[in-house]
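Trainee:
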Amino acid sequence: MNPETTSTVISPTLWEILQSQLNTALAIVMRPVVQQQLLTILAILGITLMLPELIRYWQIRQARRAGDQLKQLIWWNKSRVFIFPLAAPLGSILLINLAIWLFNGRNYPSGMLENARSLFSMWLIFRLVVTLLYYRWSDGVRPYYRWVLSPMFVILILWRLVGSSVGLISIITIPILTIGTNAISLGNLLSSAITLYAFVVSGWMVEQVLNRTLPDQLNAEPGMIQSVATLTRYAILAIGTVFSLALLGFDATSLAIVAGGLSVGIGIGLQDIVANFVSGLTLLFEQSLRPGDIIELDGAINEVEKVTLRATILRTLDNVELIIPNAKFTTAQVNTLTRSSRQIGVRVPFFVHYDSDLAFVRQVALETAVKHELTLADPPPKILNQGFGDYAFLFELFVWMEYPKRRGLYRSDLYDLLMDAFAAHGIKVPYPQRDLHVRSELAASGE
Amino acid sequence: MLKRSIYLLAGGILFLGLVSCRGFLSETQRINGRIIVWHSWNSTETAVLLEALRDFQEINPGVQVINVPLTPNELLPRFIQAAREGSGPDLLIGSDDWIQELADANLIRPYTSQTGVPINGLARQAITYRGNLYGLPLFLAPYALYYNKTIVSGTIARTLDDLLTQAAQGRRVAFVPRFEDAFWGIQTFGPNIFDRAGNLNLADSGLIPWLDWLSEMQNRPGVILNVDDASLEELFIQGRIAYYVAGPEKQAIFNATMGEESFGVTTLPSGPHGAASPLLPVETMMFYEFSSPDQAILATTLAEFLANQQQGIRFMRELNKLPANPQISVDSRIYPNVSGFWRQSFTAVVLPNTFEKSSLITAGNRAYAATLSGALTPESAVCIFGLEVAAANSLTAEQITLPPQCELPETQP
Numbered sequence: 001m002n003p004e005t006t007s008t009v010i011s012p013t014l015w016e017i018l019q020s021q022l023n024t025a026l027a028i029v030m031r032p033v034v035q036q037q038l039l040t041i042l043a044i045l046g047i048t049l050m051l052p053e054l055i056r057y058w059q060i061r062q063a064r065r066a067g068d069q070l071k072q073l074i075w076w077n078k079s080r081v082f083i084f085p086l087a088a089p090l091g092s093i094l095l096i097n098l099a100i101w102l103f104n105g106r107n108y109p110s111g112m113l114e115n116a117r118s119l120f121s122m123w124l125i126f127r128l129v130v131t132l133l134y135y136r137w138s139d140g141v142r143p144y145y146r147w148v149l150s151p152m153f154v155i156l157i158l159w160r161l162v163g164s165s166v167g168l169i170s171i172i173t174i175p176i177l178t179i180g181t182n183a184i185s186l187g188n189l190l191s192s193a194i195t196l197y198a199f200v201v202s203g204w205m206v207e208q209v210l211n212r213t214l215p216d217q218l219n220a221e222p223g224m225i226q227s228v229a230t231l232t233r234y235a236i237l238a239i240g241t242v243f244s245l246a247l248l249g250f251d252a253t254s255l256a257i258v259a260g261g262l263s264v265g266i267g268i269g270l271q272d273i274v275a276n277f278v279s280g281l282t283l284l285f286e287q288s289l290r291p292g293d294i295i296e297l298d299g300a301i302n303e304v305e306k307v308t309l310r311a312t313i314l315r316t317l318d319n320v321e322l323i324i325p326n327a328k329f330t331t332a333q334v335n336t337l338t339r340s341s342r343q344i345g346v347r348v349p350f351f352v353h354y355d356s357d358l359a360f361v362r363q364v365a366l367e368t369a370v371k372h373e374l375t376l377a378d379p380p381p382k383i384l385n386q387g388f389g390d391y392a393f394l395f396e397l398f399v400w401m402e403y404p405k406r407r408g409l410y411r412s413d414l415y416d417l418l419m420d421a422f423a424a425h426g427i428k429v430p431y432p433q434r435d436l437h438v439r440s441e442l443a444a445s446g447e
Numbered sequence: 001m002l003k004r005s006i007y008l009l010a011g012g013i014l015f016l017g018l019v020s021c022r023g024f025l026s027e028t029q030r031i032n033g034r035i036i037v038w039h040s041w042n043s044t045e046t047a048v049l050l051e052a053l054r055d056f057q058e059i060n061p062g063v064q065v066i067n068v069p070l071t072p073n074e075l076l077p078r079f080i081q082a083a084r085e086g087s088g089p090d091l092l093i094g095s096d097d098w099i100q101e102l103a104d105a106n107l108i109r110p111y112t113s114q115t116g117v118p119i120n121g122l123a124r125q126a127i128t129y130r131g132n133l134y135g136l137p138l139f140l141a142p143y144a145l146y147y148n149k150t151i152v153s154g155t156i157a158r159t160l161d162d163l164l165t166q167a168a169q170g171r172r173v174a175f176v177p178r179f180e181d182a183f184w185g186i187q188t189f190g191p192n193i194f195d196r197a198g199n200l201n202l203a204d205s206g207l208i209p210w211l212d213w214l215s216e217m218q219n220r221p222g223v224i225l226n227v228d229d230a231s232l233e234e235l236f237i238q239g240r241i242a243y244y245v246a247g248p249e250k251q252a253i254f255n256a257t258m259g260e261e262s263f264g265v266t267t268l269p270s271g272p273h274g275a276a277s278p279l280l281p282v283e284t285m286m287f288y289e290f291s292s293p294d295q296a297i298l299a300t301t302l303a304e305f306l307a308n309q310q311q312g313i314r315f316m317r318e319l320n321k322l323p324a325n326p327q328i329s330v331d332s333r334i335y336p337n338v339s340g341f342w343r344q345s346f347t348a349v350v351l352p353n354t355f356e357k358s359s360l361i362t363a364g365n366r367a368y369a370a371t372l373s374g375a376l377t378p379e380s381a382v383c384i385f386g387l388e389v390a391a392a393n394s395l396t397a398e399q400i401t402l403p404p405q406c407e408l409p410e411t412q413p
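Taken in order, these protein sequences are the chains called A and B. Take the first sequence: its letters are residues 1 to 447, numbered as in the working numbering. Take the second sequence: its letters are residues 1 to 413, numbered as in the working numbering.
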């Protein structure tokens with residue numbers, strides 16, 4: 001029959017809790033049983049963190065002794081991928097089990113060692129997952145390791161440590177700031193930040209997955225797929241933002257107030273950003289610009305690299321990246337060379353001597369054009385007669401190709417080929433000439 | 001990596017070395033250091049405790065007491081978990097019911113008096129286990145009879161017959177018919193179920209007639225027997241019940257809802273055999289087994305400070321708690337309600353720690369429920385109760401007497 005008490009507990013301030021936790025830690029660490037356990041854990045960590053180095057040292061010694069024989073050991077080459085990363089957590093678990101057995105044998109408290117064992121187990125699982133992922137996908141795993149697995153592992157460890165500490169968990173319930181009537185606690189802030197981070201990472205991962213899988217599934221254009229993936233990512237991010245704000249305690253009304261306040265700011269100072277943002281949405285939805293498109297902007301040919309919500313990244317023929325605000329694409333004239341088709345026509349003007357056999361010239365020029373690997377057979381090349389020049393017949397070779405970015409180089413190649421072909425077939429390309437007529441009668445009379 | 005490991009190891013060892021040295025230095029200044037106190041007191045109670053702790057720290061400026069309030073439900077499990085890690089509180093304020101479990105798990109240590117604080121005789125029994133005192137009693141919490149002053153304006157019921165008569169007249173009476181809550185009536189009909197030697201005596205105890213009485217009275221007008229204590233409490237607050245049997249912890253609720261002048265507390269009604277004898281819960285300060293030597297001394301010093309006469313009076317004055325310190329005499333003119341519990345504590349009894357309490361309570365609750373539901377006669381229910389307790393505690397025929405026609409199964413050679 002426990003004397004009942006109501007469950008109301010005094011709410012101390014954040015500073016009082018931190019102070020209390022510090023004092024509690026200092027009080028606890030004074031105890032011999034705690035010191036023994038902490039020393040054991042530190043010793044185990046010290047030993048096992050050195051374990052991979054010891055293995056490496058052993059490997060070097062063996063290699064020196066046996067020359068190349070060690071490299072021929074297949075089992076070693078295969079297993080060392082796992083041995084190095086897993087040696088420390090595995091060794092820690094083995095040693096901590098031994099320590100727990102010894103402590104229990106002496107009737108010493110071993111709860112801290114047991115907690116450490118569960119943390120070491122989490123460490124082992126984390127390392128195992130990372131190792132397997134690296135083994136399967138090599139360096140492609142690195143961003144996932146850095147942005148997904150590592151933060152998850154750290155959060156789990158912290159959650160475990162905070163959860164097992166008496167009183168520390170109450171820190172997260174204490175309000176640390178107030179917005180309007182909404183008191184925000186550290187717990188609100190943490191859960192909101194973690195949620196937002198999770199959505200950001202999820203959005204990025206979904207974008208990666210869509211970019212990788214959709215091309216095989218849908219057989220759609222790369223630009224289209226990237227646009228869908230980008231929009232999906234932003235949609236996830238938007239949902240995450242709403243969730244994150246909801247976790248901070250903002251209801252729809254509060255959000256409307258904030259949005260109202262923001263709209264004033266937007267009207268005054270952020271109009272360019274909003275214009276670019278809206279333009280970005282328009283570009284993504286209309287698909288008027290897609291990654292891979294070749295466009296002519298301000299007289300220069302560029303390839304569209306990426307369309308984001310604020311700006312579009314272009315790459316010039318000189319391999320320079322240009323970041324152009326999206327509003328420019330919705331307000332200025334942009335010539336796209338690849339809007340509906342990636343085929344472009346290239347005009348190559350040339351001229352030949354008036355004495356030339358024009359039918360033969362046409363034949364040679366056409367044969368020369370199709371020799372170039374980029375020249376499309378369909379539509380076929382054509383020779384257009386441009387009329388009579390001052391000193392030569394004017395022609396234009398009109399050919400089709402699919403690589404707009406290489407248009408300049410292609411035309412240069414065609415000129416080279418034409419020059420060689422004309423030289424080989426004796427077709428003369430006249431020098432520019434002017435006929436000067438001197439009247440001799442006037443000179444003789446001396447006028 | 002190698003360097004980092006070595007730095008980590010060296011840093012840790014240096015830290016622990018410094019901390020250990022600090023421990024040795026403090027040998028010369030005994031009353032110095034930090035101790036942790038855990039309890040499940042509510043905010044009002046904690047505020048009074050903090051006042052007492054401030055007084056203690058004023059007398060002992062080198063001592064820092066870390067006060068950690070927890071909810072009643074999490075106090076014991078949290079303590080067990082922390083104690084197994086080595087991070088338990090130096091002083092745990094909780095129920096004497098926990099002593100068996102915690103002492104068996106080697107998580108609390110016996111109390112050795114430093115200043116010779118007097119201990120109430122019954123409370124001493126409650127905290128004695130395996131020949132040792134496992135803690136220092138702080139408060140006593142026997143059940144007593146609450147009555148509504150606006151309804152009970154005349155004579156207060158002193159006997160069970162008075163109670164029934166008044167109930168029939170509209171002054172309704174209510175209590176929880178479970179083993180611990182309704183233990184008080186056993187000695188009104190006969191001897192206690194435990195004799196002086198601590199053996200279980202069911203053959204001629206008052207348990208069978210008490211269960212018989214309860215079974216018969218539950219259908220009488222004005223008598224409410226219900227295991228839903230919250231509902232009974234609510235009925236009493238609403239003034240729909242004149243008499244209500246409960247512990248001292250309800251005073252705070254009734255003070256807040258009804259007002260201090262609206263209710264009174266008196267001793268439970270006596271029966272044909274004598275005075276009522278409720279169980280005596282003891283709120284006890286228990287000492288952690290694995291405190292450092294300095295902390296152990298500090299914890300004992302603090303516990304003796306909290307259990308002294310002045311602090312007992314402070315807690316009684318501020319919180320209406322009944323101090324366990326026998327030197328404190330409760331004046332009924334100053335503390336009328338607390339004095340009701342104080343008078344009741346003289347006839348209270350404790351369950352001997354030689355029995356496993358949980359088995360007693362579980363079997364007892366079953367016996368009460370079986371009788372009141374009509375599933376068993378009181379004799380059969382008590383017989384089964386006896387057999388269950390005997391089995392759970394491996395009692396021999398010398399340690400238990402059973403009702404007629406009830407026998408222990410023969411033990412195999």
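All C-beta atoms, glycine included, are put in the ideal place defined by N, C-alpha and C. In this text the structure is predicted, and so the values were computed from the model without any measurement.
1) Does any C-beta atom of chain B lie closer than 7 Å to the C-beta of Thr40(A)?
2) When you check each C-beta in the region 115 to 143 of chain B against every C-beta of chain A, which residues fall closer than 8 Å?
3) Taking the straight line between their C-alpha atoms, what separation do you get for Leu128(A) and Glu53(A)?
4) Indicate whether at least one CB of chain B lies closer than 7 Å to the CB of Asn335(A).
5) Under a CB-based cut-off of 7 Å, is Thr28(B) close to chain A?
6) Checking 7 Å against the spacing of the C-beta atoms, do Leu314(A) and Pro404(A) come in under that value?
7) Closer than 6 Å to a non-hydrogen atom of the ligand COA - does that hold for the CB of Glu407(B)?
8) By Cβ distance, which residues of its chain are closer than 6 Å to Ala103(B), with the 5 residues on each side in sequence left out?
9) Taking CB distances under 7 Å as the criterion, tell me whether Ala27(A) reaches chain B.
10) Are the C-beta atoms of Val33(A) and some chain B residue less than 7 Å apart?
11) Going by other Cβ atoms of all chains shown within 10 Å of its Cβ, with 16 needed for buried, is Thr301(B) buried or exposed?
12) Write down every uninterrupted run of the alpha helix (DSSP H) in the region 110 to 195 of chain A whose length is 4 residues or greater and which is fully enclosed by it, in chain order.
13) Which first and last residues belong to the beta strand (DSSP E) in which Gln386(A) is found?
14) When the Cα of Leu360(B) is compared with those of Gly86(B), Val389(B), Glu45(B) and Ser394(B), which residue comes out closest?
15) Give the DSSP-derived three-state secondary structure of Met30(A) in the structure shown.
16) Are the beta-carbon atoms belonging to Ile44(A) and Ile96(A) less than 7 Å from one another?
17) Using a C-beta to C-beta distance shorter than 9 Å, which residues of chain A count as neighbours of Ala197(B)?
18) Keeping to the same chain, check which residues put their C-beta closer than 8 Å to that of Gln29(B); ignore five residues upstream and five downstream.
19) Whole angstroms are fine: how far does the CA of Ala359(A) sit from the CA of Gly387(A)?
20) How far does the alpha helix (DSSP H) with Lys357(B) in it extend, from its first residue to its last?
21) Counting Cβ pairs closer than 8 Å, one from the region 288 to 303 of chain A and one from the region 335 to 355 of chain A, do we hit at least three?
22) What three-state label does DSSP hand Ile17(A) in the structure shown?
23) In its own chain, which residues sit with a C-beta less than 8 Å from the C-beta of Trp184(B), not counting the 5 before and 5 after it?
24) Here's a check: name, in chain order, each residue in its chain whose Cβ is nearer than 6 Å to the Cβ of Leu235(B), leaving out the five neighbours to either side.
25) Is DSSP giving Ala324(B) helix, strand or coil here?
26) Counting only C-beta atoms, is Pro109(A) closer than 7 Å to chain B at any point?
27) Taking C-beta pairs closer than 9 Å, name the residues in chain B that Ser20(A) reaches, listed in chain order.
28) Can you give the Cα-Cα distance for Thr401(B) and Phe179(B), rounded to whole angstroms?
29) Can you tell me where the beta strand (DSSP E) holding Ser95(B) begins and where it ends?
30) Within 10 angstroms of the Cβ of Pro3(A), are there 16 or more other Cβ atoms? Answer buried if so, exposed if not.
31) At what residues does the beta strand (DSSP E) containing Ala420(B) begin and finish?
32) Measuring straight from C-alpha to C-alpha, what distance separates Trp58(A) and Leu38(A)?
33) Just list the beta strand (DSSP E) runs in the region 316 to 400 of chain A, keeping only unbroken ones of 3 residues or longer that don't cross its boundaries, in chain order.
34) What would DSSP say about Leu436(A), mapped onto helix, strand or coil?
35) Along the chain, where does the beta strand (DSSP E) that runs through Phe175(B) open and close?
Mentor: Put simply:
1) no
2) Phe139 and Ala141
3) 19 Å
4) no
5) Residue placement at Thr28(B) is flagged as unreliable, the pLDDT there being 44, under the threshold of 50; the coordinate-derived value follows with that caveat. Judged by the 7 Å Cβ criterion, Thr28(B) is not in contact with chain A.
6) no
7) Among the components of this structure there are no ligands whatsoever, and the ligand COA is therefore not found.
8) Tyr129 and Tyr134
9) yes
10) yes
11) buried
12) 111 to 137 and 150 to 163
13) Lys382 to Phe388
14) Val389(B)
15) coil
16) yes
17) In chain order: nothing, as chain A lies at least about 24 Å away.
18) Because the pLDDT of Gln29(B) is 48, which lies under 50, any placement of that residue in the model is unreliable, and the number read from its coordinates should be weighed accordingly. Taken in chain order, the residues that qualify are Gly62.
19) 15 Å
20) Lys357 to Leu372
21) yes
22) helix
23) Tyr143, Val245, Leu268, Ala276, Ser277, Pro278 and Leu279
24) Ile241
25) coil
26) yes
27) Ile66, Asn67 and Val68
28) 19 Å
29) Leu91 to Ser95
30) Its pLDDT being 40, under 50, Pro3(A) is placed unreliably by the model, and the measurement read from it follows with that caveat. With 16 or more other Cβ atoms within 10 Å, it is buried.
31) Past the boundaries of the shown model lies residue 420(B); chain B is included only from 1 to 413, so the question cannot be answered.
32) 30 Å
33) 321 to 325, 344 to 352 and 382 to 388
34) coil
35) Val173 to Phe175
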